[in-house]
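Colleague: Before I ask anything, here is the structure I am working with.
Here's what the structure looks like:
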């Protein structure tokens with residue numbers, strides 16, 4: 597007979613699983629839209645960790661939806677193909693040639709890398725773009741920027757069909773126009789539009805910062821919409837955080853229960869946010 601010594605790590609793991617039960621129950625059947633970008637996409641190891649977390653979420657009853665970016669990969673391919681970009685007020689102009697590269701990289705290379713990572717961990721992921729089944733119909737956001745789209749109409753029927761089959765949608769932020777155009781959509785904007793269309797329980801925006809910081813430089817773990825507006829007006833929220841908080845405000849004011857700007861550099865950040873008291877960023881509620 598073999599004697600089994602109880603390892604402290606094993607006991608801690610069991611306690612962690614037991615303490616997570618209320619959260620498993622809370623989010624069973626919930627729709628959680630996750631914008632993937634930054635550090636979580638930066639290496640195969642980080643991608644595998646993220647994929648494992650997503651498969652675990654699906655295993656305990658959550659319906660995750662992944663919306664991804666891919667700016668660095670687009671830049672690398674444009675440089676490789678020697679396609680020069682023009683900029684207006686610091687924003688890239690997406691002409692027809694650039695749009696072809698954007699779609700090729702986002703819907704092709706980046707999307708299928710994420711799909712493969714999830715499937716490798718035992719999930720059933722399906723790659724889509726906003727053009728599939730008219731998921732996202734866009735209007736042109738700004739004529740000066742070319743083929744940059746603003747979501748105008750949403751049809752999430754295809755996503756509900758995938759949920760019924762226990763599949764995980766992975767969506768490239770590409771939308772169709774009303775006259776057959778193809779538009780590039782900001783990843784956060786696309787994730788927010790999809791979360792609203794699904795009336796998601798949570799929108800998680802993975803980024804490479806700890807969260808929203810106050811005037812003293814401390815991360816604020818929970819904010820109301822009025823807090824965000826006040827901090828933006830006073831200049832405390834500035835720079836690249838403004839479009840993320842704008843996406844969050846738009847989502848929570850249109851049916852999404854809460855949006856969290858998550859520190860994607862933290863390992864298992866998505867699980868920390870959903871299944872622990874600690875969380876991993878700044879949660880914004882209406």
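Numbering (our numbering), first residue to last: 597 to 882.
Quick reminder that beta carbons are idealized off the backbone N, C-alpha and C, glycines included.
For residue 634 versus residue 795, is the C-beta spacing smaller than 7 Å?
Modeller: no
Colleague: Taking the CB atoms as reference points, tell me whether residue 732 and residue 747 lie closer together than 7 Å.
Modeller: yes
Colleague: Just the C-alpha distance for residue 754 and residue 704, rounded to the nearest angstrom, thanks.
Modeller: 19 Å
Colleague: Got a sec? Which residues, its chain only, sit under 6 Å from residue 579 by beta carbon, not counting five neighbours each side?
Modeller: With the chain running from 597 to 882 in the structure shown, residue 579 is simply not present.
Colleague: At the level of alpha carbons, what is the spacing between residue 766 and residue 646?
Modeller: 13 Å
Colleague: The beta strand (DSSP E) with residue 749 in it runs from where to where?
Modeller: Residue 749: member of the beta strand (DSSP E) spanning 745-750, first to last residue.
Colleague: Quick one, are the C-beta atoms of residue 846 and residue 807 less than 7 Å apart?
Modeller: Cβ distance not < 7 Å, so residue 846 and residue 807 don't count as in contact.
Colleague: Residue range of the beta strand (DSSP E) that residue 881 falls in?
Modeller: 877-881
Colleague: Suppose only complete runs of 4+ residues qualify. What are the alpha helix (DSSP H) ranges in the stretch 694-769, listed by chain order?
Modeller: 707-716, 753-760
Colleague: Put residue 859 into one of helix, strand or coil per three-state DSSP.
Modeller: Residue 859 falls in the strand class under three-state DSSP.
Colleague: So the beta strand (DSSP E) residue 818 belongs to, where does it begin and stop?
Modeller: 818-820
Colleague: So residue 656 and residue 683 are supposed to be a Cβ contact under 8 Å. How far apart are they, rounded?
Modeller: Contact flag wrong, Cβ pair sits at about 45 Å.
Colleague: For residue 661 and residue 627, which I take to be in contact (beta-carbon distance under 8 Å), what is that distance rounded to the nearest angstrom?
Modeller: 7 Å
Colleague: Comparing C-alpha positions only, which one of 700, 771, 869 sits nearest to residue 728?
Modeller: 771
Colleague: With DSSP run on the structure shown, which of helix, strand or coil describes residue 872?
Modeller: coil
Colleague: Residue 792 by DSSP, collapsed to three states: which one?
Modeller: helix
Colleague: Nearest-angstrom Cα distance between residue 868 and residue 874?
Modeller: 7 Å
Colleague: Please name the residue, chosen from 879, 640, 850, that lies closest to residue 818 on a Cα-to-Cα basis.
Modeller: 879
Colleague: So, do the stretch 697-712 and the stretch 668-676 have three or more beta carbon pairs nearer to each other than 8 Å?
Modeller: yes
Colleague: Measuring only the C-alpha atoms, how far is residue 828 from residue 606?
Modeller: The alpha-carbon separation between residue 828 and residue 606 amounts to approximately 45 Å.
Colleague: Pull up the CB-CB distance for residue 797 and residue 742, whole angstroms please, since I reckon it's below 8 Å.
Modeller: Their Cβ separation, rounded to whole angstroms, is 35 Å, which puts residue 797 and residue 742 out of contact at 8 Å.
Colleague: Can you tell which of 715, 689, 782, 790 has its C-alpha closest to the C-alpha of residue 740?
Modeller: 689
Colleague: Between the C-alpha atoms of residue 805 and residue 693, what's the straight-line distance to the nearest angstrom?
Modeller: 33 Å
Colleague: Would residue 783 be called buried (16 or more neighbouring beta carbons within 10 Å of its own) or exposed?
Modeller: buried
Colleague: Based on the DSSP output, what are the partners of residue 664 in its beta bridges?
Modeller: 632.
Colleague: Identify whether residue 824 lies in helix, strand or coil by the three-state DSSP scheme.
Modeller: helix
Colleague: According to DSSP, is residue 783 part of a helix, a strand, or is it coil?
Modeller: helix
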